[in-house]
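Read the structure below first, then the notes.
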Amino acid sequence: MQGLAVGAVGAGTLALGGCGGTPQASTPSEKGTGAAADTGSSAATVSELNPQDYGYTTNSIDDFSKTTLFSDWQLGPITLHHRMVKSAAFQLAFMKNNPDEYINYYARMAEGGVEMIWIEDFANIWDFTASPLKQDYALYDVKGLLDTLHAAGAYVGYQFDTMGSPIGPLDFTENFIGQYSIEEVREWVQVIIGIAEQLHGDGFDAFELNFAANNVGQSFLSRARNDRTDEYGAQSLENRTRFAVEVIQGIKEACGKDFIVQVLINGIEANDKSLGADSLYTSLEETKAIAQILEKAGADSLHVRLGPCGQHIAQFASELYFAVRGQEGSNGFGNRFDFSRHFQGKLRANHSGCGIMIDVANEIKSAVSIPVGAATYMDPAQAPDYFEEALSEGKLDFLVMNRPLCVDPEYVNKLREGRIDEIAPCTRCLHCFYDPDKDGKLLEHCRVNAANWRAYGEDMPEGYEPVPVEGSKNVMVVGGGPAGMEAARIAAKRGCSVTLYEKNGALGGLLSSAEAIKGPHENLGRLSTYLSRSQEVDGVTVVTGQEVDRAFIESEKPDAVILAVGGLRQEPEFSSTGGTQVLTFGDVVGADMGDRVTVLGSNCQSVDVAIYLLSLGKDVTIVTPDPLDVFEKGHSVNMRHFVETAVNARGTRIWPAAEVKEVGDGELTLVSEAGVDVVVPCDAVVDMRDMQPNTALIDGLSGIEAIAVGDCADPYNIAEAISSANLAARSL
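What follows is the structure, given as structure tokens:
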């Protein structure tokens with residue numbers, strides 16, 4: 001079989017770091033539920049557990065303005081004109097010293113069409129679980145934030161959370177509220193009511209009680225975590241909900257009926273740490289009964305999300321369960337959910353995590369008359385028909401969204417106008433949640449939108465929008481992968497005359513090849529479509545089929561050249577033998593390589609290849625010169641956790657700090673970290689060692705400003721490639 005159309009040396013601009021979604025550039029298979037999609041692989045395999053249907057991304061909508069998605073609905077006393085709501089996501093706390101950054105971060109969403117914005121609990125307004133990540137409420141420009149968002153037409157709510165406890169770390173199974181007296185609990189109720197009063201007085205339109213995850217409110221609702229024996233204990237639903245009821249009623253009495261109170265709860269729970277031990281975890285039937293009590297107490301709406309007990313990230317980024325190709329359901333603890341049974345079989349778990357809570361929300365909605373919304377990868381631009389059907393059938397009232405709106409703050413306006421291919425897609429890589437970049441400088445960042453968490457800072461003092469270039473500047477971009485396309489569009493936005501040259505017949509670099517390896521879970525095709533479309537929107541001249549050499553650059557005489565041709569793959573150190581093939585990345589897809597495969601390297605590319613091979617049923621071994629603590633370098637820390645545990649659970653042996661000594665006939669000999677020789681049965685070796693810089697084309701170039709970006713400058717991952725390209729184009 002023919003391998004990928006990628007040379008063994010020229011590697012393009014892409015590192016196969018984790019991202020997310022389903023491609024639009026190449027239409028996924030539309031087979032029924034249980035069928036695996038073929039996204040370029042000649043040997044796609046169907047997983048027996050949690051089979052996926054990727055044919056849910058269709059779009060038959062001609063006019064979005066006439067859809068239920070863009071219809072009016074009532075949230076308390078206010079009327080909203082579409083069903084997309086920005087959820088709180090603990091981001092403003094990281095912008096605490098920079099009002100320009102956090103005000104404009106949200107202002108761009110409001111101007112982009114978002115009408116209801118929930119701001120995270122960014123300040124220490126409750127001492128009981130004070131966070132070192134937050135600062136005093138008075139130090140924030142709350143008035144400036146609210147005035148700006150209100151002027152842009154948005155309503156603003158504040159999510160109040162009480163994460164953890166004062167006696168220990170965050171733990172979703174801890175029991176701690178039993179040690180506090182009734183008087184202390186009643187004092188908590190009054191403190192929360194007082195906080196709501198302050199926020200109402202300051203101009204917030206709504207207040208969300210985060211009674212999910214391991215918040216104090218959830219401790220009362222949960223039979224697994226409530227160890228009280230008094231009237232706030234777990235003996236009855238009335239007792240379990242008493243704390244929430246008293247808080248809701250008190251807020252309504254203090255702030256008036258028009259001050260919106262939304263309650264965030266776990267829609268359905270399960271034990272992911274001890275798989276199947278669910279007897280104490282909240283069933284959907286219990287949640288419906290709790291929802292009725294909350295409505296009667298005065299709650300205006302409900303926000304429901306998943307309730308696994310062991311990992312906070314999986315509550316709102318549940319698609320991590322689908323990140324490991326061929327091992328969908330991997331739970332981060334070395335086991336796999338059977339979604340036909342776990343969570344009572346109630347999750348929509350055959351669409352790669354997209355809309356996973358729709359049917360749970362529908363059942364809760366059937367029990368109440370107030371609006372019900374749900375979280376976890378609600379992205380109607382990804383699957384317009386899918387979400388329109390759910391909304392039009394009344395399965396839920398609103399979509400709780402965060403990452404798609406962070407990636408593209410103009411998401412709502414673009415979708416209303418049908419400009420889906422102009423929406424920058426969330427790639428579900430989770431770099432945006434407690435994840436440093438390669439140099440460890442940023443606690444959070446976005447793979448696709450390089451301005452997020454950089455704007456108004458040291459790297460990007462001008463803010464989110466690039467400033468116009470002084471005078472005129474003719475810019476040549478060499479390479480049409482993600483880095484090249486990002487550099488070209490930013491330079492063009494600045495007013496430069498930009499021509500992008502790509503030696504192949506189409507743009508995208510290795511995105512299509514990466515999708516063949518990683519599968520349709522990640523939005524690599526959609527990312528390519530967006531970046532390609534951006535060239536046209538921003539006025540970039542694109543020339544394909546053009547090989548660029550030094551003579552060509554000099555003949556064109558650009559003012560600046562941005563090199564984005566990708567890194568160089570190292571030539572294999574070993575040759576194939578009679579019983580063991582030695583392959584490179586370009587040979588993997590479609591190769592007949594036997595069953596026992598060794599992958600060399602532990603960067604995100606090599607791990608993605610290893611997962612692909614596991615999905616084909618191969619017996620995989622990983623050998624890397626790197627120490628184990630940098631295994632999967634390039635993936636987000638959240639992705640690493642789910643991937644590494646899944647790989648380990650499959651019996652894949654990782655040999656860190658090891659070197660291959662010899663490739664024999666049907667076997668491989670390595671020198672282990674312990675300094676001993678180990679012989680591994682091996683039918684094929686895939687050499688995925690780290691790429692090397694590839695800047696020869698511009699080295700020594702004189703009289704022309706020249707910058708290398710992406711993997712040709714410093715091979716790592718997509719996030720680093722795009723951010724380096726964005727910053728380079730801003731520096732011209």
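Heads up: the sequence shown begins at 1 in UniProt numbering, then just goes up one per residue. Quick reminder that beta carbons are idealized off the backbone N, C-alpha and C, glycines included.
For SER392, the enclosing alpha helix (DSSP H) covers residues 384-392. Counting only the Cα atoms, ASP300 lies some 13 Å from VAL245. In this model, VAL597 and ASN362 are separated by some 46 Å (Cα to Cα). In the three-state reduction of the DSSP assignment, TYR281 falls in the coil class. Inclusion of ASP677 and VAL686 in the CB contact set at 8 Å is not warranted, their separation being larger than that value. As DSSP reads the structure, TYR155 sits in a beta bridge with MET116. Counting other Cβ atoms within 10 Å of its Cβ, GLY326 reaches 16 or more and is therefore classed as buried. Contact between the stretch 82-100 and the stretch 109-129 is established, with three or more Cβ pairs separated by less than 8 Å. Listed in chain order, the beta strand (DSSP E) runs fully inside the stretch 647-687 are 653-655, 659-663, 667-671, 677-681 and 684-687, counting runs of at least 3 residues. Counting only residues of its own chain and dropping the five nearest sequence neighbours on each side, THR652 has a CB closer than 8 Å to the CB of ALA610, LEU614, VAL620, THR621 and ILE622. According to the DSSP assignment, SER301 belongs to the beta strand (DSSP E) that extends over 301-308. Listed as beta-bridge partners of ASP619 by DSSP are ARG596. Straight through space, the alpha carbons of GLY355 and VAL400 are spaced by roughly 10 Å. Less than 8 Å divides the Cβ of ILE268 from the Cβ of LEU284. In the pairwise beta carbon analysis, the stretch 642-656 is classified as not touching the stretch 557-570: fewer than three pairs are separated by under 8 Å.
Between VAL478 and LEU697, the beta carbon gap of about 7 Å places them in contact (Cβ cut-off 8 Å). Between the alpha carbons of ASP379 and ALA89 lies a distance of about 16 Å. Judged by beta-carbon spacing, GLY332 lies within the 8 Å limit of PHE642, meaning their Cβ atoms are closer than that value. Sorting THR129, VAL498 and LEU306 by C-alpha distance to the C-alpha of GLY539 places VAL498 at the top.
In the three-state scheme derived from DSSP, where H, G and I count as helix and E and B as strand, VAL469 is classed as coil. Check the Cα spacing between ARG416 and each of HIS303, GLY203 and PHE64: the tightest is with PHE64. Here DSSP, grouped into helix, strand and coil, assigns ALA374 to strand. For the beta strand (DSSP E) assignment, the uninterrupted runs of no fewer than 3 residues enclosed by the stretch 184-267 are, from N- to C-terminal side, 206-210.
In this structure, PHE160 sits near ILE192, with a CB-CB distance shorter than 8 Å. For a cut-off of 8 Å, the C-beta gap from VAL663 to VAL582 is around 6 Å, short enough to register as a contact. Within the DSSP bridge table, the entry for ALA708 names LEU563 as partners. Residue burial annotation: ARG550 is exposed, with fewer than 16 other C-beta atoms found within 10 angstroms of its C-beta. Excluding residues up to 5 positions away in sequence, ASN603 lie with their Cβ nearer than 6 Å to the Cβ of LYS633 in the same chain.
The beta carbon of TYR501 sits closer than 6 Å to those of VAL478, VAL543, GLN546 and VAL548, all from its chain and outside the five residues before and after it, given in chain order. Apart from sequence neighbours up to five positions away, the residues of its chain that approach GLN570 with a beta-carbon distance below 6 Å are ARG689, ordered along the chain. Taking all protein chains shown into account, VAL599 has 16 or more neighbouring C-beta atoms within 10 Å of its C-beta and is therefore buried. Comparing alpha carbon positions, the residue from PRO404, LYS395 and ALA657 closest to MET109 is PRO404. Boundaries of the beta strand (DSSP E) around PHE398: 398-401. THR624 and ALA130 have their C-alpha atoms some 42 Å from each other. Between GLU673 and ALA658, the C-beta gap is smaller than 8 Å, which places the two residues in contact. Boundaries of the alpha helix (DSSP H) harbouring LEU415: 411-416, taken from the DSSP string.
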